[in-house]
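The structure appears below as structure tokens.
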Amino acid sequence: MSSLLKNKANFSALTPLSFLYRTAEIFPKRLAWIYEKRKATYQELLIRSKRLAGAIKSLNVNKGDIVAVMLPNVPEMIEAHFGVPMSGAILNSLNTRLEKRSIEYILKHSKSKILIFHEDYIGLIKSLSKRIKLKYIIVKDKKEINYRGILEYDSLLNQVNFEKIKENYFPKDEWESISLNYTSGTTGNPKGVLYHHRGAHLMCFNNQMVWKMGYHPIYLWTLPMFHCNGWCFPWTIVALAGTQICTNKFDGKEIMKLINKNKVTHLCGAPIILQMIIDNKKLKKIEKKINIMTAASPPSPNVLEEIEKSGFFVTHVYGLTESYGPAVICEWKTEWDRIKSSSKRANLKARQGVNYPSLDFLDVFNVKSMKPVKRDGKTIGEVFFKGNIVMKGYLNDKEANKSAFKNGWFHTGDLAVIHNDGYIELKDRSKDIIISGGENISSIEIEKIIIKNFKVRDCAVVGIKDQKWGEVPCAFIERKNKTLTKDEILKFCKKYLAGFKIPKKIIFKDLPRTSTGKIQKFNLRNFIIDYDD
């Protein structure tokens with residue numbers, strides 16, 4: 067048996083790129099995507115993705131180099147998910163909501179060679195191009211923009227000699243990096259999370275299995291594609307020969323319009339997407355069930371009840387940038403359908419759940435004893451992962467990798483309990499990351515900005531519940547100068563922070579501390595419960 071070795075006939079590297087080659091061969095005329103008045107078949111998607119790969123190579127980008135993209139949910143983002151790795155480069159999807167300071171840090175830290183950006187961000191790019199020397203490529207949607215030193219996306223693709231890029235690209239090693247995603251860290255600076263081809267490939271099958279997806283789904287992009295590569299759904303939908311409905315508008319009216327027009331079957335997003343749909347006054351019961359996958363803070367019982375009455379079925383998942391997006395699912399059991407109490411059903415659905423098939427191990431550990439906690443739904447420990455959909459590691463950060471992979475487990479930093487049926491339920495986030503509308507916000511980043519104000523003695527930021535966004539930042543401030551006002555703080559924050567990071571509530575008070583001077587954030591969270599403006 068030891069003589070039976072891997073060879074070219076019985077082994078090939080797993081990669082999601084293979085899905086496009088297969089689907090374009092079998093369903094060449096089927097629609098791959100629709101965006102406003104534009105549409106493309108799978109044959110066209112394959113050709114354009116290959117042209118993008120050729121264009122990237124023509125700009126002297128080598129295997130393993132980073133190609134950054136700053137795009138909303140437009141078709142070119144789907145092309146980037148195939149074309150960039152087809153060139154041998156690594157796709158770095160930038161959060162389009164970040165401020166210039168963070169974008170600049172990511173581009174420098176990743177040593178990106180190219181930035182493909184949408185015309186909506188031309189103002190930011192003009193400023194960045196003066197400070198960072200790389201190749202800039204603009205994706206034009208409707209506007210006529212000409213700017214010296216910037217290449218035009220479609221023109222670049224049309225210049226590629228297709229005869230030179232006919233061959234399909236496969237990585238030699240499935241451990242090769244396919245993408246780089248930055249996540250908020252406790253230091254305030256984003257950390258670069260590397261995914262491999264194997265993990266992305268397996269994640270696509272996981273998405274299909276846990277969501278029980280069949281062939282030819284109609285998928286609406288209400289989740290930003292820059293979030294963990296859109297939870298790997300740009301690749302997943304292609305594997306199923308589905309149609310991706312792109313949109314750059316996020317409101318209940320537009321979502322329902324696209325759902326009805328395109329007969330959407332699936333969509334993902336933070337709980338705010340559910341709220342947007344409910345807030346749409348024209349919401350009527352839908353004849354055919356539509357599946358919604360939601361993460362971040364669990365939807366409230368009222369939201370769940372109302373959205374499901376309208377014909378949507380909600381699946382609650384949990385994951386991290388470090389796990390390719392969702393890695394834990396609240397696997398719904400048929401016997402739970404018989405539970406009449408809507409609040410009991412909502413409580414079950416609010417739990418984070420059990421592991422995805424390719425997440426081999428999920429447990430809650432006592433970090434001191436390194437043993438699993440009791441499955442009593444009460445004992446709190448840290449959530450640990452182990453499996454093929456855990457990241458390769460953080461880019462250029464040995465200490466963070468050492469800490470994250472200690473004792474052979476991935477340490478999520480999230481605190482939870484585990485129930486007797488094996489379903490986990492989050493209780494806190496030890497990293498103090500605030501999840502607002504699906505966006506990760508570092509509380510420490512906000513604190514560092516506020517403390518720069520000379521009238522501030524100290525500051526602590528915590529997440530507080532918000533019906534619309536799930537969580538929003540709340541800043542507790544100790545003043546040096548009693549004349550300091552809330553408006554002054556807000557104006558100060560607007561100079562340095564993206565809009566979604568600005569505190570939605572500001573409270574002036576002395577900060578509770580331990581004997582060693584550490585701020586007790588749990589006391590602040592308790593305080594806000596009883597606080598009345």
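Position 428 (the sequence shown) corresponds to 494 in the working numbering; numbering is contiguous. Glycine included, C-beta positions come from ideal geometry on N, C-alpha and C.
| query | result |
| --- | --- |
| Return the chain-ordered list of same chain residues with a C-beta closer than 8 angstroms to the C-beta of residue 345, the five sequence neighbours on each side being excluded. | 318 |
| Ignore the nearest five residues each way along the sequence and tell me which others in residue 575's own chain have a CB closer than 7 angstroms to its CB. | 542 |
| Taking the alpha-carbon positions, what's the residue 304 to residue 158 distance? | 20 angstroms |
| Cβ atoms of residue 448 and residue 500: under 8 angstroms apart, would you say? | no |
| Assign residue 252 to one of three DSSP states: helix, strand, or coil. | Residue confidence is low: residue 252 scores 46 on pLDDT, short of 50, so the model does not pin down where it sits. Its coordinate-derived value is still stated next. Looking at residue 252 - three-state DSSP - the assignment turns out to be coil, as it is neither helix nor strand. |
| Which residue from 356, 84, 178 and 249 puts its Cα closest to that of residue 235? | 84 |
| Which ranges does the beta strand (DSSP E) cover as unbroken runs of at least 3 residues, wholly within the segment 405 to 453, from first to last along the chain? | 427 to 432 and 447 to 452 |
| Could you tell me the boundaries of the beta strand (DSSP E) in which residue 392 lies? | 391 to 395 |
| Give the list of continuous alpha helix (DSSP H) stretches no shorter than 4 residues that lie fully inside the segment 209 to 245. | 219 to 224 |
| For residue 357, list the residues DSSP reports as bridge partners. | 332 and 379 |
| Could you check where the beta strand (DSSP E) with residue 133 kicks off and where it finishes? | 132 to 136 |
| Taking the CB atoms as reference points, tell me whether residue 299 and residue 285 lie closer together than 8 angstroms. | yes |
| Grab me the residues of residue 587's own chain with a C-beta within less than 7 angstroms of its C-beta, minus the 5 sequence neighbours each way, in chain order. | 498, 526 and 528 |
| Which complete beta strand (DSSP E) runs does the segment 447 to 492 hold, if anything under 3 residues is left out? | 447 to 452 and 476 to 484 |
| Using a Cβ-Cβ cutoff of less than 8 angstroms, which residues in the same chain neighbour residue 461 once the five nearest sequence positions on both sides are dropped? | 175, 176, 246, 257, 258, 259 and 260 |
| Whose C-alpha, out of 214, 569 and 565, is nearest the C-alpha of residue 552? | 569 |
| Spatial neighbours of residue 68 within its chain, please: C-beta separation below 6 angstroms, excluding the five flanking residues on both sides. | none |
| Using the rule of at least 16 other Cβ atoms within 10 Å of the residue's Cβ for burial, across every protein chain shown, is residue 565 buried or exposed? | exposed |
| Take residue 165 and list the residues in its own chain whose beta-carbon comes closer than 6 angstroms to its own, dropping the five residues that flank it on each side. | 564 |
| With contact counted as at least three CB pairs below 8 angstroms, one residue from each stretch, are the segment 184 to 200 and the segment 325 to 339 in contact? | no |
| Can you check DSSP and say which residues form a bridge with residue 259? | 247 and 460 |
| Are there 16 or more other CB atoms within 10 angstroms of the CB of residue 476, so buried, or fewer, so exposed? | buried |
| From the DSSP secondary-structure annotation, give me the bridge partner or partners of residue 319. | Paired residues: none, contrary to the question. |
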